[in-house]
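Protein chains in written order, with this note's numbering: chain E, 149 to 350; chain F, -7 to 228. Below is one structure; the comments refer to it alone.
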Amino acid sequence: MEFINVFIKTAFIENLVLSYFLGMCSYLAVSKSVKTAFGLGMAVIFVLGITMPINWLINEYLLSEKGLFGIDLTFLRFILFIATIAAMVQLVEMVVEKFSPALYAALGIFLPLITVNCAILGGSLFMISRELSLSNSVAFGLGGGFGWFLAIIAIAAIREKIRYSNVPPALRGLGMAFILTGLMGIAFMSLMGIDPAAFASK
Amino acid sequence: MAETAVKEKEPLIGFGKTERRLLTDPLNDNNPITVQVLGICSALAVTSLVYPAVVMAIAVTLVTAFSNLFTSMLRQYIPKSVRMIVQLVIIATLVTIVELILKYFNYPIYKQLSVYIGLIITNCIVMGRLEAFAMANKPWRSFLDGIGNGLGYGAILIIVAIIREIFGKGSLFAGSPIELKIIGPTADYLINTTQSALFGWYTNNNLMVLPAAAMFIIGILIWIQRSYNSKLVDVS
């Protein structure tokens, strides 16, 4: 049951956006309407869920000392990880274009930009530094993606409403988005009280 | 704006008005964090102490400057369809070099920055400047643009870090050789709250240590900047 444990922990308690600031660029840029935020969130879940186990395998069987070449190649980690991510994003782009042209048009430039979304590479690096197992790395990817999805949907919904409020002109847009994210971060901190072990023991 | 290709004839290495603007524009009018909204990802996480923030600012400046330089040198040879991969390889190589240097010279800071050094690769500033500037300009100007944007990023990083460290920890530059202890409950600090009659009420603000504080501070910095600089105000 460690799978559920890791999933809940990464989605709620250690949310990628709200406690590690990963993926902030697209989080701020694409959160103007719920519809596009939804599409991007789904794409991020998908890419994270695929790249985490692949990067885990690359790290374990190619780069580590126990791997194929028998020498420590971990300094190549950045280049190989980013190449995997770029390839996977390309794949997602082709799938989305085929099955949902409307979503493809709505996401536009932001789909290829998932490559440089820090949440993906950051997730891979966190996964390595925490020494998770293969199944847990899948849970980490899906949970991290789900947490990111929740955060972007929430901020998009708030920003849609706040357009009708009387915000000081200098604070409108970006400034307000930052402050809202801070408030959401504090709200998410109350989830720290969740004990993931309680789910695991059932 | 400095975004468009410069048409006039430029010397190989010179330092005139355009060059100076490349360095100073990103500090205020075209700041990467508060105006271009690039590179927030790794910026906020390292700002709870000043010393790691300074190291991070230097690392990002080096990477943006040199990746701009190399991309600009290669710009005529990079096919358009694969340019992202080429740029990512250049950036990833530079970041690996910076990481190895940092690991060798200052291991504790390397440990503290952990994955955020690696995340310079996906720092949108680097990629954004390559796309917006280096692909269309000559090497020397691209190099200066990289340095300018690195400094603009570093300035915001250090302002946020100073506010967070003073109010959250009561110190400045903790962990570095020039550590300053400003306010706290023991005799090591400049203002000892247990002795001082004036500051007896003072305790550190734990909110400042939380990630959320960085969001508030940047939000307020944007507010201040846009109140003085009305052309940046978001009209939508």
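Note that CB positions come from ideal geometry on N, CA and C, so glycine has one too.
Return the residue from the list F:Phe125, F:Ile112 and F:Met48 that minimises the CA-CA distance to Val81 of chain F.
If we check each option's Cα against that of Val81 of chain F, F:Ile112 comes out closest.
Name the one or two DSSP bridge partners that Asn184 of chain F has.
Paired residues: F:Gly176.
Report the rounded CA-to-CA distance for Phe274 of chain E versus Val107 of chain F, giving the unit in angstroms.
C-alpha separation (whole angstroms): 7 Å.
Cβ closer than 7 Å: which chain F residues qualify as neighbours of Pro317 of chain E?
Residues of chain F with a Cβ closer than 7 Å to the Cβ of Pro317 of chain E are, in chain order, Val225.
Check the Cβ-Cβ distances between Trp193 of chain F and every residue of chain E, and say whether any is below 7 Å.
So no, Trp193 of chain F is outside the interface.
Using the Cβ count rule (16 or more neighbours within 10 Å means buried), how would you classify Asn314 of chain E?
Classification for Asn314 of chain E: exposed.
Enumerate in chain order the residues of its own chain whose CB-to-CB distance from Phe191 of chain F is below 7 Å, with the five nearest sequence positions on each side excluded.
For Phe191 of chain F, where only same-chain residues beyond five positions count, the Cβ hits under 7 Å are Ile175, Ile183 and Thr185.
Verify the CB distance criterion: does Thr199 of chain E have a CB-CB separation below 7 Å to chain F?
False, the Cβ-Cβ gap to chain F never drops below 7 Å.
Would you say Ala304 of chain E and Ser174 of chain E are within 7 Å of each other, going by their C-beta atoms?
No.
Just mark Val243 of chain E as buried or exposed, buried being the case when its beta carbon has 16 or more other beta carbons within 10 Å.
Only exposed fits Val243 of chain E, as fewer than 16 other CB atoms lie within 10 angstroms of its CB.
Is there a Cβ of chain E sitting closer than 7 Å to that of Ala45 of chain F, yes or no?
By this cut-off, Ala45 of chain F is not an interface position.
According to DSSP, is Leu164 of chain F part of a helix, a strand, or is it coil?
Residue state, collapsed to three classes: strand.
Would Val264 of chain E pass as a contact of Met119 of chain F if the rule is Cβ separation under 7 Å?
Cβ atoms of Val264 of chain E and Met119 of chain F: closer than 7 Å.
Helix or strand or just coil, what does DSSP make of Met149 of chain E?
DSSP, reduced to helix, strand and coil, places Met149 of chain E outside both helices and strands of the structure shown, so it counts as coil.
Express the C-alpha separation of Val55 of chain F and Gln79 of chain F in angstroms, rounding to a whole number.
Those two C-alpha atoms are separated by around 12 Å.
Quick one: which chain F residues come within Cβ less than 7 Å of Leu259 of chain E?
Correct list: empty, because the minimum Cβ distance to chain F is about 12 Å.
According to DSSP, is Lys223 of chain F helix, strand or coil?
If DSSP states are grouped into helix, strand and coil, Lys223 of chain F belongs with the helices.
For a test of the three-state rule: what should DSSP assign to Ala189 of chain F, helix, strand or coil?
DSSP places Ala189 of chain F in coil when its eight states are reduced to three.
Spatial distance of Phe165 of chain F from Ser188 of chain F (CA atoms):
Here the alpha carbons of Ser188 of chain F and Phe165 of chain F stand approximately 23 Å from one another.
Cut-off 6 Å between Cβ atoms - residues of its own chain near Asn272 of chain E, not counting five sequence neighbours on either side:
As written in the sequence, residue 272 of chain E is Ser, which differs from the Asn given in the question. So the qualifying residues of the chain are Asn203 and Phe229.
Is Thr238 of chain F close to chain E? Criterion is C-beta to C-beta, closer than 7 Å.
Past the boundaries of the shown model lies residue 238 of chain F; chain F is included only from -7 to 228, so the question cannot be answered.
In whole angstroms, give me the CA-to-CA distance for Trp215 of chain F and Gly218 of chain E.
Rounded to the nearest whole angstrom, the C-alpha separation of Trp215 of chain F and Gly218 of chain E is 54 Å.
Which residue marks the beginning of the alpha helix (DSSP H) containing Leu230 of chain F, and which one marks its end?
Outside the displayed span of chain F (-7 to 228) sits residue 230 of chain F, for which this structure offers no information.
Does the count of Cβ pairs from the stretch 88 to 106 of chain F and the stretch 154 to 165 of chain F closer than 8 Å reach three?
Segments in contact, no.
Over what stretch of residues does the alpha helix (DSSP H) that includes Gly333 of chain E continue unbroken?
Counting along the chain, the alpha helix (DSSP H) containing Gly333 of chain E begins and ends at Leu322 to Met337.
Note down, in chain order, every chain F residue with its Cβ under 9 Å from the Cβ of Gly187 of chain E.
What Gly187 of chain E touches in chain F: nothing, since even the nearest Cβ is about 20 Å away.
Taking Cβ-Cβ distances below 8 Å as the criterion, which residues of the stretch 188 to 212 of chain F are in contact with chain E?
When C-beta distances to chain E are compared with 8 Å, the residues of the stretch 188 to 212 of chain F below that value are Leu202, Pro203, Ala204, Ala205, Ala206, Met207, Phe208, Ile210, Gly211 and Ile212, in chain order.
For the stretch 182 to 196 of chain E against the stretch 286 to 294 of chain E, are there 3 or more C-beta pairs whose distance is under 8 Å?
The count of Cβ pairs closer than 8 Å, one atom from the stretch 182 to 196 of chain E and one from the stretch 286 to 294 of chain E, reaches three, so the stretches are in contact.
Count Cβ pairs between the stretch 25 to 32 of chain F and the stretch 149 to 164 of chain E that sit closer than 8 Å; are there 3 or more?
No: fewer than three Cβ pairs fall under 8 Å.
Is Met275 of chain E helix, strand or coil by DSSP?
In the displayed model, Met275 of chain E falls within a helix according to three-state DSSP.
In three-state DSSP terms, what is Ala126 of chain F?
DSSP places Ala126 of chain F in helix when its eight states are reduced to three.
Touching by the beta-carbon criterion (3+ pairs, under 8 Å), the stretch 8 to 23 of chain F and the stretch 144 to 163 of chain F
Result yes; three or more Cβ-Cβ pairs closer than 8 Å.
Do you know offhand how far Leu15 of chain F's Cα is from Pro201 of chain E's?
A direct Cα-Cα distance of roughly 42 Å separates Leu15 of chain F from Pro201 of chain E.
Express the C-alpha separation of Val152 of chain F and Ile209 of chain F in angstroms, rounding to a whole number.
About 7 Å.
Quick one: give me the first and last residue of the alpha helix (DSSP H) that Lys246 of chain E is part of.
It spans Arg225 to Phe247 - the alpha helix (DSSP H) in which Lys246 of chain E sits, taken as one unbroken run.
Between the stretch 149 to 169 of chain E and chain F, which residues of the former have CB atoms less than 8 Å from a CB of the latter, in chain order?
Within the stretch 149 to 169 of chain E, the residues whose Cβ lies closer than 8 Å to any Cβ of chain F are, in chain order, Leu166, Ser167, Tyr168 and Phe169.
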